[in-house]
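Have a look at the structure below before the remarks.
Encoded structure:
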């Protein structure tokens, strides 16, 4: 196959996480083939978990941590109150301030000792680091981009749960090149999702628990599965479908942590909270088969044509254009249906579609994509605290989307952050550019795409930091 | 006195052929009995227009050359006379005061051996001290420090080098351990960077141009005469460096360097770099961007003098740039990359109060490549003399035409305690 440097650069920017030194050259003989190769690697999509705790383990550890901290806080409060009483008594006794009135059992001085990172924060940082290390090291990064896409499609919020990182590793990654139906089951049955979308508390009104505790249904998860995860908003479902599906999902909850030190925080189907009886969802009746009732609904939703179209549109919008070419959406939707939601085949169809290789770099890189591209381009390993700080500044805080819909995926949402990107690029360049060769980095990262104006702006910069800033802020680098 | 007579007079003051120029002919660094010399190098990145800092007001071709952009004694912002030929930009009253007190010195029509016009390569030559770019990854100041004889003039901490700023400038990299310190606030995005980016976007990406324009309020400046630089809707403006921020950064960085060098046990040589001198568009030497930057630089010099305290009499500060700019003003009221420029020196250890130059003249035939001020003094010889006379750097390692050569492979020996990078 003919060398195609332009396509190689596009492959890395549009479908990957940006070129590292030598990356364009490495795939120049067959850019499409290189992307497909990445899909075929063993263990593609997985992350080196190392010592990262499972979601359940994280949940239990944080439960213990919080319990201990509460106890400590309570003790400290009692001591303070006791000391205050002691001082008051002492001054009453002597009629003056008693210099000997030291609080009993004063806690040892902590001054000078660095505040330890609280466990929930530490777990978050470890998960974040594992995620970004994987992204920065990826050869092209196509599979990571797919992980990020699906993680955003099935988003949870780290403010609601300590399991956000574990969720991505357990529900998204193993299925990112597998079947959509499996990812749907894994995501919507995961404790993180059940907590985030309140299903853990949803109780069938006619279930044993519902009758005894006078608690009821929570429709949140059922609605978002239909609206966001599968069929898409304003498609083939009604409010009755939402309510019925919510009833089906009652009992999908989380094991209590306090009473279950081995499995607390993990998924459990609680028959006692499950609404009894058959339910109808999108024109089909599901008999009450317990947990299987919900699984059957998810399996049908996963292969519904509306779902195929919804997913195809989102994928095309993410990778290609805000208003994706209808022909591309059609291709992806057909492939999705033909293969019963085989996500690897859908990804392959995306790469094979001519519409996906339009020369115009229509999309603005999302903040995380841009930050990782910056680190890869400059050969930096990245400091996780700085990466997270940058994401916060740019409006894409890790695992903290503004709503269950996830972060927006159109240019308009990210255009306003341009000024903040300039601040970040400027600061970053001042820190490191002096040891780098910005024109060479430009050649290695956007060379085949660069306009004469961009090349000129980099070559004419008055200093290396300015040159690097111009590169990182060049349209060819900001877009993909 | 007719200006035409001044040029030869000026020439007569000089010290013969530039080819044999040596530090010995320069005003000597004062030599006290018990010296503890301090040296701070400030690299001005981007190519400082030497003619706009120290103007040859006595040259008959000067006004013709720069027209209403020429710094003159009888202009709207009158230049400050240094002698009967040169005058200082009025944005630098502190430097002028020091000059009057014999504590500042100008070397003019000076250049490194570099004769091309790339910033990166020019800075590489300036800071490496070698004849060509890319020859080494060490700087002359660090190598000079390594060459200091033990027990020599530098104090206990004297073999340590100081680098101020987010990155250690090349001039300070090398075998001698480097203590680096970063100011709490990094310099903001400069107006220059923002303007260059906006220019790029205007030619390539209208959507980005629109956003950047709005955020940095360029449109507001352009249309309302600089009345308000904030977007009307109150949306956050990008922190492009207002000159106030630049002033603060220059003074903070330079002042911090002085505090380190002033300490009895502190390092004795330091380096830092200030960007922003690449004035291709609207240079504003008399009033405008360059005048503002020179004002900020003057404030940095004042901060150094203040913070050096009792060590000021032992101090020399060198302000050097990779190259000068074209003699003529270009089509955008700016100047393009040139060759010779001015180097500024300040400090209590100087016997200053003089402009040292072998003035080449400004007629077309006098200019380098018919466009730049012609170099008549090699900056390296000035710096070499400074190292020898001020820091007492051993002659041997600096033998030859270059500054001290690298003697061993560099290692990163930043002191961990102060490395804030």
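Residue numbers (my numbering), protein chains in the order written: chain A, 717 to 1196; chain B, 2 to 422.
Think of the CB as a built atom: it goes at the ideal place given N, C-alpha and C, for glycine as much as any other residue.
Keep in mind that this is a model prediction, so the values were computed, not measured.
Q) By DSSP, does residue 778 (chain A) sit in helix, in strand, or in coil? A) Taking the first residue of the first chain as 1, we reach residue 778 (chain A) at position 62. If DSSP states are grouped into helix, strand and coil, residue 778 (chain A) belongs with the helices.
Q. Can you tell me whether residue 1108 (chain A) is buried or exposed, with buried defined as 16 or more other CB within 10 angstroms of its CB?
A. Start at 1 with the first residue of the first chain, and residue 1108 (chain A) comes out as number 392. Residue 1108 (chain A) comes out exposed.
(Q) Please report whether the beta-carbon of residue 1101 (chain A) lies at a distance below 7 Å from any beta-carbon of chain B. (A) The count along the first chain starts at 1 and reaches residue 1101 (chain A) at position 385. Residue 1101 (chain A) does not count as touching chain B.
Q: Taking only runs that begin and end inside the region 974-1036 of chain A, name each unbroken beta strand (DSSP E) of 3 or more residues, in chain order.
A: Qualifying beta strand (DSSP E) stretches, in chain order: 983-985, 995-997 and 1000-1002.
Q) Which of helix, strand or coil does DSSP assign to residue 869 (chain A)? A) Position 153 of the first chain, counted from the start, is the residue given in the question as residue 869 (chain A). Looking at residue 869 (chain A) - three-state DSSP - the assignment turns out to be helix.
Q) So, residue 190 (chain B) versus residue 1142 (chain A), is the Cβ gap smaller than 7 Å? A) By one-based count along the second chain, residue 190 (chain B) stands at place 189. By one-based count along the first chain, residue 1142 (chain A) stands at place 426. It is a contact, given that the beta carbons lie within the stated cut-off.
Q | Simplified DSSP assignment, three categories, for residue 271 (chain B) | A | Numbered from its first residue, the second chain carries residue 271 (chain B) at position 270. Note: residue 271 (chain B) maps to strand in three-state DSSP.
Q: For chain A, find out if any of its Cβ atoms is closer than 7 Å to the Cβ of residue 222 (chain B); answer yes or no.
A: Mapped onto the second chain, residue 222 (chain B) falls at position 221. Note that residue 222 (chain B) scores a pLDDT of 45, beneath 50, so its modelled location is shaky; the value from the coordinates is reported in the next line. Judged by the 7 Å Cβ criterion, residue 222 (chain B) is not in contact with chain A.
(Q) Any contact between the region 1160-1175 of chain A and the region 87-102 of chain B? By contact I mean 3 or more CB pairs, one from each, below 8 Å. (A) With a cut-off of 8 Å, the region 87-102 of chain B and the region 1160-1175 of chain A do not count as touching, because too few Cβ pairs lie within range.
Q: Would you check whether the ligand ATP has a heavy atom nearer than 6 Å to the C-beta of residue 250 (chain B)?
A: Because no ligand of any kind appears in the structure shown, any question about the ligand ATP cannot be addressed here.
Q: Take residue 299 (chain B) and list the residues in its own chain whose beta-carbon comes closer than 6 Å to its own, dropping the five residues that flank it on each side.
A: Within the second chain, the letter at position 298 stands for residue 299 (chain B). Taken in chain order, the residues that qualify are 93, 95 and 96.
Q: Could you tell me how far apart the beta carbons of residue 1010 (chain A) and residue 964 (chain A) are, in whole angstroms, since I believe they sit closer than 8 Å?
A: For this step, residue 1010 (chain A) is matched to residue 294 along the first chain. For this step, residue 964 (chain A) is matched to residue 248 along the first chain. Their Cβ separation, rounded to whole angstroms, is 5 Å, which keeps residue 1010 (chain A) and residue 964 (chain A) in contact under 8 Å.
(Q) I'd like to know whether the C-beta of residue 1023 (chain A) is nearer than 7 Å to at least one C-beta of chain B. (A) By 1-based counting over the first chain, the position of residue 1023 (chain A) is 307. Not one chain B Cβ lies under 7 Å of residue 1023 (chain A).
Q: Let me know the alpha helix (DSSP H) ranges lying completely inside the region 90-178 of chain B, each 4 residues or longer, listed in chain order.
A: Inside the region 90-178 of chain B, DSSP marks whole alpha helix (DSSP H) runs of 4 or more residues at positions 94-101, 120-129 and 141-148, from first to last along the chain.
Q. Which residues in the same chain as residue 993 (chain A) place their Cβ atom closer than 6 Å to its Cβ, once the five residues preceding and following it in sequence are excluded?
A. By 1-based counting over the first chain, the position of residue 993 (chain A) is 277. The beta carbon of residue 993 (chain A) sits closer than 6 Å to the beta carbons of 1004 from its chain, once the five residues preceding and following it are set aside; these are given in chain order.
Q: In angstroms with no decimal places, state the Cα-to-Cα distance between residue 1000 (chain A) and residue 906 (chain A).
A: Indexing the first chain from 1 puts residue 1000 (chain A) at position 284. Indexing the first chain from 1 puts residue 906 (chain A) at position 190. Approximately 25 Å between the Cα atoms of the pair.
Q | Residues bridged to residue 88 (chain B) (per DSSP) | A | Numbered from its first residue, the second chain carries residue 88 (chain B) at position 87. Per DSSP, B:56 and B:82.
Q. How many angstroms separate the CA atom of residue 120 (chain B) from the CA atom of residue 1181 (chain A)?
A. Here residue 120 (chain B) corresponds to residue number 119 of the second chain, with the count starting at 1. Here residue 1181 (chain A) corresponds to residue number 465 of the first chain, with the count starting at 1. Straight-line Cα distance between these residues: approximately 12 Å.
**Q.** Start-to-end residues for the alpha helix (DSSP H) that takes in residue 66 (chain B)
**A.** Translated into positions along the second chain, residue 66 (chain B) becomes position 65. Residue 66 (chain B) -> alpha helix (DSSP H) spans 63-67.
Q) Do we get a CB-CB distance below 7 Å when we pair residue 204 (chain B) with the residues of chain A? A) Taking the first residue of the second chain as position 1, residue 204 (chain B) is located at position 203. In terms of beta-carbon proximity, residue 204 (chain B) lines the interface with chain A, with at least one pair separated by less than 7 Å.
Q) Could you give the distance in angstroms between the alpha-carbon of residue 392 (chain B) and the alpha-carbon of residue 355 (chain B)? A) Counted from its first residue, the second chain places residue 392 (chain B) at position 391. Counted from its first residue, the second chain places residue 355 (chain B) at position 354. So the alpha carbons of these two residues sit roughly 21 Å apart.
Q) Which term fits residue 1032 (chain A), buried or exposed, when burial requires 16 or more other beta carbons within 10 angstroms of its beta carbon? A) Locating residue 1032 (chain A) in the first chain gives position 316, where the first residue counts as 1. Buried: at least 16 other Cβ atoms inside 10 Å.
Q) Taking the alpha carbon of residue 90 (chain B) as the point to measure from, which residue in B:71, B:323 and B:115 has its own alpha carbon closest? A) On the second chain, residue 90 (chain B) is found 89 positions in, with the first residue counted as 1. Of the candidates B:71, B:323 and B:115, the one whose C-alpha sits nearest the C-alpha of residue 90 (chain B) is B:71.
Q.
Which same chain residues end up closer than 6 Å to residue 132 (chain B) when comparing Cβ atoms and leaving out the 5 residues on each side of it in sequence?
A. To locate residue 132 (chain B), count along the second chain from 1; it is residue 131. Excluding residues up to 5 positions away in sequence, 114 lie with their Cβ nearer than 6 Å to the Cβ of residue 132 (chain B) in the same chain.
Q | Proximal chain B residues relative to residue 1170 (chain A), where beta-carbon distance stays under 7 Å | A | Stepping through the first chain from its first residue, residue 1170 (chain A) is reached at position 454. Those within 7 Å of residue 1170 (chain A) in chain B are 201 and 205.
Q) Quick one: is residue 1142 (chain A) near chain B, going by C-beta distance under 7 Å? A) Sequence index remark: in the first chain, residue 1142 (chain A) carries index 426 (1-based). Residue 1142 (chain A) counts as touching chain B.
Q) In chain order, what residues of the same chain lie with their CB nearer than 6 Å to the CB of residue 736 (chain A), ignoring the 5 residues before and after it? A) Stepping through the first chain from its first residue, residue 736 (chain A) is reached at position 20. Short of 6 Å from the beta carbon of residue 736 (chain A), and not among the five residues preceding or following it, lie these beta carbons of its own chain, in chain order: 1092.
Q) Out of curiosity, what's the CA-to-CA distance linking residue 984 (chain A) and residue 774 (chain A)? A) In the first chain, the residue the question calls residue 984 (chain A) occupies position 268. In the first chain, the residue the question calls residue 774 (chain A) occupies position 58. Approximately 17 Å, taken between the alpha carbons.
Q. What does residue 121 (chain B) reach in chain A if we use C-beta pairs closer than 7 Å?
A. Reading the second chain from its first residue, position 120 is the one you call residue 121 (chain B). Chain A residues near residue 121 (chain B): 1180.
Q: Examine chain A for any beta-carbon lying closer than 7 Å to the beta-carbon of residue 165 (chain B), and answer yes or no.
A: In the second chain, counting from the first residue as 1, residue 165 (chain B) sits at position 164. No, because no Cβ of chain A sits closer than 7 Å to the Cβ of residue 165 (chain B).
(Q) Checking the sheet assignment: what are the DSSP bridge partners for residue 1134 (chain A)? (A) Translated into positions along the first chain, residue 1134 (chain A) becomes position 418. According to DSSP, residue pairing for residue 1134 (chain A) in a beta bridge does not occur.
Q) Between the Cα of residue 1145 (chain A) and the Cα atoms of B:375, B:166 and B:347, which residue gives the shortest distance? A) In the first chain, counting from the first residue as 1, residue 1145 (chain A) sits at position 429. Considering only B:375, B:166 and B:347, the residue with the shortest C-alpha distance to residue 1145 (chain A) is B:166.
Q: In the DSSP assignment, find the alpha helix (DSSP H) that holds residue 1261 (chain A) and state where it starts and stops.
A: As shown, chain A starts at 717 and ends at 1196. That puts residue 1261 (chain A) outside it, with no answer to give.
(Q) Looking only at its chain, what residues have a beta carbon closer than 7 Å to the beta carbon of residue 1094 (chain A), apart from the 5 residues adjacent to it on each side? (A) Residue 1094 (chain A) sits at position 378 when you count from the first residue of the first chain. Taken in chain order, the residues that qualify are 1148, 1152 and 1157.
(Q) Here's the rule I'm using: 16 or more other beta-carbon atoms within 10 Å means buried, otherwise exposed. How should residue 268 (chain B) be labelled? (A) Taking the second chain and counting its residues from 1, the one referred to as residue 268 (chain B) is at position 267. By the neighbour-count criterion, in which 16 or more other beta carbons inside 10 Å mark a residue as buried, residue 268 (chain B) falls on the buried side.
Q. Which one of B:140, B:310, B:109 and B:192 has the shortest CA to CA distance from residue 348 (chain B)?
A. One-based indexing of the second chain puts residue 348 (chain B) at position 347. Selected option, being the one with the closest Cα: B:310.
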